[in-house]
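Trainee: According to my numbering, the sequence shown is numbered sequentially starting from -12.
Got a structure for you, written out below as structure tokens; questions coming shortly.
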Amino acid sequence: MRKYTLLILFIFTICVANGQQSISAIKKTVSVLKIDPNLMPHELTALRMIKLWDSLNADEQKNSVYLTLPITTWKELFEKQYKHFETTKNDNLLFKLRYPLALIYFESGNNDKSLELLEYLHKKKQQLEKGKIRNVLLKIEEIYRDRGEMAKAIAIRKERIEYGFKGNYWAIYRDCGLYEAAIEDYKLFETNFVNFNINNIRRQFHLGELYFKNNQADSAYKYYQLGLSITNETILRNNKKYPKELLEFWKGNFIGLIAKCEIKKGNLRKAIPMLKYDISHSELDKPNKLGKMIILSDCYLLLNDIKNAKKYLDTININFESLNFTRNKYKLNLLKLKSDYFSKTKQFDSAYHYLKAYSQLNDLQNANIKKNQAVLLLTQLEMGKRRYELKSKILNLKESEEENKNKSVKITNLMLVLTLSTIIALFLVYVIFLNNKNKKTLTLKNLLLEENIKKNQEHILHNDLLLKELHHRVKNNLQLMYSLLNLQKRRNNNIEIKSNLSTVQNRIQTMALVHEYLYNSENFESVEAFKYIETLANHLKSIYKQENRNIEQIINIDSSIQLPIEQIISLGLIVNEIISNSYKYAFNDNNGSKIEITVAKINNLIILEISDDGPGFSKDQIKEDSLGLKLIEIMCSQIKAKLSTRTNNGVSYHIEFTI
């Protein structure tokens, strides 16, 4: 009976959408579906569309909505009804239409419209069924995570946990770049399915993805192979439980993911046909299709097959914007691919343009990941605090209830005794009782207040220690990198390579100094410019020290200048490059003997001047691949600084930026 009902619903919806359904046919269909036949045709159409949508999406694992009608058709049908009832101001049907329309916008990539409807439904969630509340919270969280609004995403995740829809934070950890924590959380709390079904397929996919992102390609390969095996067995056993197109998509997806592992091993030619198979079976997931095209084009590029690389790159360019909000996941790889392609084809201006865009986006994404990690850390601390407070409140409530019961018994007995007492005595006892009660309440509140103050102070101290530890670990990691490069220098006799390694070491030391200052400071937001630049300059002087020659360093910096951590790192790298260049080129052959560094502050304007008295240089002497000068320009761009250079009779750099 259910199958025939769904068939009637489906035929009815399509007919009404095309204006081919009569009123009598409507009423006949209504009698089958048990809906009030006295409703107007527009209301009937809307109710049937909603009922059809709900029935097709009752089992989300089947993904049947895509197989019945294209998502664009669903969008047109529901938008038409929604606009009609906006005009007629039928709030009841508008509310019912919001749920399917929100999911349709989400699946078609229109995140802004979807979020607007979802947030409205979230406010009115008490009017929704539990299954719909589950989906509303899930989609809202996914949009927040995609936008990098991790605090909001975590708040929704807590709500999902309170409802019993979710019991862990593995997806939050993943999007914050904490892949080891995500793996641990996923294995501990996600159900370990053993049957041949879509849930088990997704489990292998998620674990493989987490291991791959954590640079454990061998472990990822194991889960992808297992996922492919389960998918193939599910296809054999399916018996129409799942749509064939859905299972074929998963099969192709696992083959493409295995190809990514083969690429990690250097097996490019083996990966190419696997990626093509995945692409040909990805119609259900357009972002996945274009993502695999990016990888395939890169394979051809690495094999110097420029023609095929361009073929797929052109296809990607045509279709990329249609990804809407999901394109951010692939934009970084696409920028890198374009830079490599233009570099291979000797179009160096375009290659540099895309490499610069790649670097900026990569830095932005890394900054967002660090920001999200900090949000997650602070939120977890707050969540633990709230859990403790909730337990304390429940315990206090029970104690209070017990105390009230005891007091009630005492009061009852007292009233029996006081019945024989005079009105004056009763009044005095009552006043005494109230005074005692108020004193106890006041004492209890004072104790609770003192306890809360103590807990807050402990939490603040703990957070400060965590920040100190974070800066300490970053500094140690940078020092480790510095030492590893030092070992490499000792084992290499090539002078040019040793020089390049020293340059890299100086840049690492420049960043490490910032984190060392922050670790030793009570202020985690800014660094004193004078101490930092003086230490950096003396460090460089000791590295480039020449026998029988003393280079004078004159440092004029206002000791009151404090710079934010983002600006001081960029400024440190600029100072490092300029001073290093002076020691390398200005003081050779007994030329020059002085470096002067000046930093001044005028209101919010910072002025940095670095000069030497060497021979200077002409622009013709600059190597085309000079990374140092490009790095100076990039760092100036990051802090939005104006850069001017004088290169005759010594070299002078003048840099201005605001704080």
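Think of the CB as a built atom: it goes at the ideal place given N, C-alpha and C, for glycine as much as any other residue.
Could you check what DSSP says for ILE646 in three-state terms: helix, strand or coil?
Mentor: Looking up residue 646 in the sequence shown gives position 659. ILE646 falls in the coil class under three-state DSSP.
Trainee: Hey, LEU321 and CYS286: beta-carbon distance below 8 Å or not?
Mentor: As a working mapping, residue 321 is identified with position 334 in the sequence shown. As a working mapping, residue 286 is identified with position 299 in the sequence shown. Going by C-beta atoms, LEU321 is not nearer than 8 Å to CYS286.
Trainee: Do you know how far the Cα of ASN353 is from the Cα of LYS581?
Mentor: One-based indexing of the sequence shown puts residue 581 at position 594. One-based indexing of the sequence shown puts residue 353 at position 366. Cα-Cα distance, rounded: 39 Å.
Trainee: How about the segment 614 to 631 and the segment 549 to 558: do they share at least three Cβ pairs that are nearer than 8 Å?
Mentor: These segments touch.
Trainee: By a C-beta neighbour count over all protein chains shown, 10 Å radius and 16 as the cutoff for buried, is MET137 buried or exposed?
Mentor: Numbered from its first residue, the sequence shown carries residue 137 at position 150. By the 10 Å Cβ count, MET137 comes out buried.
Trainee: Between GLN36 and ILE148, what straight-line distance do the alpha-carbon atoms span, to the nearest angstrom?
Mentor: Residue 36 sits at position 49 when you count from the first residue of the sequence shown. Residue 148 sits at position 161 when you count from the first residue of the sequence shown. It is worth fixing the name first, because residue 36 is Met in this sequence and not Gln. Near 31 Å, if we compare the C-alpha coordinates of ILE148 and MET36.
Trainee: Does the distance from the C-beta atom of LEU102 to that of ILE130 stay below 8 Å?
Mentor: For the purposes of this step, residue 102 is identified with residue 115 of the sequence shown, where counting begins at 1. For the purposes of this step, residue 130 is identified with residue 143 of the sequence shown, where counting begins at 1. Yes; because the gap between Cβ atoms is below 8 Å, this pair is in contact.
Trainee: My understanding is that ALA516 touches ILE544, with C-beta atoms under 8 Å, so please give their C-beta distance in whole angstroms.
Mentor: Taking the first residue of the sequence shown as 1, we reach residue 516 at position 529. Taking the first residue of the sequence shown as 1, we reach residue 544 at position 557. Right, the Cβ-Cβ distance comes to about 6 Å (below 8 Å), so this counts as a contact.
Trainee: Spatial neighbours of PHE335 within its chain, please: CB distance less than 8 Å, with the 5 preceding and 5 following residues excluded, ordered by chain position.
Mentor: Within the sequence shown, the letter at position 348 stands for residue 335. Result list for PHE335: PHE329, in chain order.
Trainee: How about ILE642 and ILE561: do their beta carbons lie closer than 8 Å?
Mentor: If you number the sequence shown from 1, residue 642 lands on position 655. If you number the sequence shown from 1, residue 561 lands on position 574. Against a cut-off of 8 Å, the Cβ pair of ILE561 and ILE642 comes out as a contact.
Trainee: Under a three-way DSSP split, which group does TYR640 fall into?
Mentor: Along the sequence shown, read from residue 1 onward, the residue named residue 640 stands at position 653. It is a strand residue.
Trainee: Taking its Cβ as the centre, do 16 or more other Cβ atoms sit within 10 Å of PHE414, making it buried, or is it exposed?
Mentor: Working through the sequence shown from its first residue, we reach residue 414 at position 427. So PHE414 ends up on the exposed side.
Trainee: Output the residue ranges of the alpha helix (DSSP H) runs that lie fully inside the segment 154 to 236 and measure 4 residues or longer, sorted by chain position.
Mentor: Within the segment 154 to 236, the complete alpha helix (DSSP H) runs of at least 4 residues are 157 to 162, 166 to 176, 185 to 200 and 204 to 224.
Trainee: Leaving out the 5 sequence neighbours to the left and right, which residues in its chain are closer than 6 Å to MET468 when beta-carbon positions are compared?
Mentor: By one-based count along the sequence shown, residue 468 stands at place 481. Here the set comprises ILE495.
Trainee: Should PHE199 and GLY214 be called a contact, given that it needs their Cβ atoms to be closer than 8 Å?
Mentor: Numbered from its first residue, the sequence shown carries residue 199 at position 212. Numbered from its first residue, the sequence shown carries residue 214 at position 227. Cβ atoms of PHE199 and GLY214: not closer than 8 Å.
Trainee: In or out: ARG373 buried (at least 16 other Cβ within 10 Å) or exposed?
Mentor: In the sequence shown, counting from the first residue as 1, residue 373 sits at position 386. Because the pLDDT of ARG373 is 44, which lies under 50, any placement of that residue in the model is unreliable, and the question is left without a value.
Trainee: If we ignore side chains and look at the alpha-carbon of each, how far apart do ASP265 and ARG190 end up?
Mentor: Locating residue 265 in the sequence shown gives position 278, counting from the first residue. Locating residue 190 in the sequence shown gives position 203, counting from the first residue. Rounded to the nearest angstrom, the two C-alpha atoms are 19 Å apart.
Trainee: Rounded to a whole number of angstroms, what is the C-alpha to C-alpha distance between PRO551 and VAL514?
Mentor: Taking the first residue of the sequence shown as position 1, residue 551 is located at position 564. Taking the first residue of the sequence shown as position 1, residue 514 is located at position 527. Each residue's alpha carbon lies about 7 Å from the other.
Trainee: Apart from the five residues just before and just after PHE241, which ones in its own chain have a Cβ nearer than 7 Å to its Cβ?
Mentor: Here residue 241 refers to the residue found at position 254 when the sequence shown is read from its first residue. Same-chain partners within the cutoff: TYR211, GLY214, LEU215 and THR218.
Trainee: To which residues does DSSP link PRO551 through a beta bridge?
Mentor: Residue mapping note: residue 551 aligns to position 564 of the sequence shown, counting from 1. Looking at the DSSP assignment, PRO551 forms a beta bridge with SER513.
Trainee: Taking buried to mean at least 16 other C-beta atoms within 10 Å of its own C-beta, is VAL396 buried or exposed?
Mentor: Translated into positions along the sequence shown, residue 396 becomes position 409. Counting Cβ neighbours within 10 Å, VAL396 comes out exposed, since fewer than 16 surround it.
Trainee: Assuming contact is defined by CB atoms lying nearer than 8 Å, are LEU472 and VAL491 in contact in what I supplied?
Mentor: Against the sequence shown, residue 472 aligns to sequence position 485. Against the sequence shown, residue 491 aligns to sequence position 504. In this structure, VAL491 lies closer than 8 Å to LEU472 by Cβ.
Trainee: What runs of the alpha helix (DSSP H), each 4 residues or longer, lie entirely inside the segment 313 to 349?
Mentor: Qualifying alpha helix (DSSP H) stretches, in chain order: 315 to 331.
Trainee: Would you list the residues sitting across from ALA587 in a DSSP beta bridge?
Mentor: For the purposes of this step, residue 587 is taken as residue 600 along the sequence shown, with counting starting at 1. DSSP, once it has assigned bridges, lists ILE594 as partnering ALA587.
Trainee: Would the beta-carbon of THR497 fall within 8 Å of that of LEU523?
Mentor: Against the sequence shown, residue 497 aligns to sequence position 510. Against the sequence shown, residue 523 aligns to sequence position 536. Going by C-beta atoms, THR497 is nearer than 8 Å to LEU523.
Trainee: What is the DSSP secondary structure of THR522, reduced to helix, strand or coil?
Mentor: To locate residue 522, count along the sequence shown from 1; it is residue 535. Helix.
Trainee: For ASN543, report the span of its beta strand (DSSP E) as first-last.
Mentor: In the sequence shown, residue 543 corresponds to position 556, counting from 1. It spans 539 to 544 - the beta strand (DSSP E) in which ASN543 sits, taken as one unbroken run.
Trainee: Please state whether the Cβ-Cβ distance between TYR150 and ILE120 is less than 8 Å.
Mentor: Along the sequence shown, one-based indexing puts residue 150 at 163. Along the sequence shown, one-based indexing puts residue 120 at 133. It is a contact, given that the beta carbons lie within the stated cut-off.
Trainee: Taking C-beta to C-beta, are ILE584 and ILE594 nearer than 8 Å?
Mentor: Here residue 584 is taken as the residue at index 597 of the sequence shown, counted from 1. Here residue 594 is taken as the residue at index 607 of the sequence shown, counted from 1. No, these two residues do not count as a Cβ contact at 8 Å.
Trainee: Identify, in the order they occur along the chain, each residue of the same chain with its Cβ nearer than 7 Å to the Cβ of TYR53, setting aside the five sequence neighbours on each side.
Mentor: Taking the sequence shown and counting its residues from 1, one reaches residue 53 at position 66. Because TYR53 sits at a pLDDT of 44, beneath the cut-off of 50, its placement in the model cannot be relied upon, and the following sentence gives the value as read from the coordinates. Closer than 7 Å at the Cβ level, and outside the excluded window around TYR53, lie LEU271.
Trainee: May I ask which residues mark the beginning and end of the alpha helix (DSSP H) holding LEU407?
Mentor: By one-based count along the sequence shown, residue 407 stands at place 420. Element bounds for LEU407: n/a, residue is neither H nor E.
Trainee: Using DSSP with H/G/I as helix, E/B as strand and the rest coil, what is LEU467?
Mentor: Counted from its first residue, the sequence shown places residue 467 at position 480. Here LEU467 sits in helix by DSSP.
Trainee: Tell me which residues share the same chain as TRP157 and place their Cβ nearer than 6 Å to its Cβ, disregarding the 5 neighbours each side in the sequence.
Mentor: Along the sequence shown, one-based indexing puts residue 157 at 170. Here the set comprises ALA169, ASP172 and TYR173.
Trainee: By how many angstroms is the C-alpha of ASN423 removed from the C-alpha of THR406?
Mentor: By one-based count along the sequence shown, residue 406 stands at place 419. By one-based count along the sequence shown, residue 423 stands at place 436. Roughly 22 Å separates the two Cα atoms.
Trainee: Assuming LEU88 is part of the alpha helix (DSSP H), what are its boundary residues?
Mentor: For the purposes of this step, residue 88 is taken as residue 101 along the sequence shown, with counting starting at 1. Start and end: 78 to 94.
Trainee: By a C-beta neighbour count over all protein chains shown, 10 Å radius and 16 as the cutoff for buried, is THR59 buried or exposed?
Mentor: As a working mapping, residue 59 is identified with position 72 in the sequence shown. With fewer than 16 other Cβ atoms within 10 Å, it is exposed.
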